[in-house]
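What follows is one structure encoded as structure tokens, with my remarks underneath.
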Amino acid sequence: MNTRTLPRLTQQFEHTTLNTAQITAYLIGIPRYLEAGVYQGVSEKACHYLAYADGVEFWLRRYLAGKPATLHNVFREIRAFLAHDETAARHMILFVLNAVADTMLQNEWYELMKPYNIARKRIQKTFNI
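In this note's numbering, each number is its position in the sequence shown, counted from 1, plus 4.
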């Protein structure tokens with residue numbers, strides 16, 4: 005994420021009760037599905053699925069950080085995952101979408117729910133998930 009994004013992201017939440025440091029760390033952080041899978045010793049095939057899930061969530065978080073063009077990157081990751089294993093992709097993509105929503109709700113980041121819902125609807129409509 006470039007240096008211009010962080011001030012814009014911080015400004016986006018400056019007049020709210022959100023902890024901007026916490027939300028920024030989440031939005032620009034790296035998902036850890038693959039890391040957790042390797043730690044747990046899952047199969048190589050499962051690691052591929054987890055790597056795709058990381059990619060989908062990585063770009064979805066960037067989209068939520070206010071980078072609308074990154075939704076194209078989310079779609080690119082989803083297309084690649086679907087091409088690799090359509091059944092697994094559909095399950096994992098729903099898991100990722102729900103995990104992101106759960107994180108936002110648990111942290112009471114309601115300001116992010118509008119762009120999240122836009123992305124979720126576009127993903128579900130485009131990919132029939």
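No residue lacks a Cβ here, since even glycine has one placed at the ideal position from N, Cα and C.
So, with DSSP's three-state summary, where would you put residue i?
| i | result |
| --- | --- |
| residue 36 | coil |
| residue 1 | This structure cannot settle anything about residue 1, because the visible part of the chain is limited to 5 through 133. |
| residue 70 | coil |
| residue 24 | helix |
| residue 81 | helix |
| residue 113 | coil |
| residue 89 | coil |
| residue 5 | Bear in mind that a pLDDT of 49 at residue 5, under 50, signals an unreliable position, so the number given afterwards is only what the model happens to contain. Here residue 5 sits in coil by DSSP. |
| residue 41 | helix |
| residue 132 | coil |
| residue 46 | coil |
| residue 29 | helix |
| residue 126 | helix |
| residue 120 | helix |
Look at the Cβ atom of residue i, then the Cβ atom of residue j, and state whether they are nearer than 9 angstroms.
| i | j | result |
| --- | --- | --- |
| residue 53 | residue 106 | no |
| residue 25 | residue 59 | no |
| residue 111 | residue 27 | yes |
| residue 108 | residue 116 | yes |
| residue 79 | residue 127 | yes |
| residue 131 | residue 86 | yes |
For the pair the region 56-74 and the region 114-126, tell me if three or more CB-CB distances fall below 8 angstroms. yes
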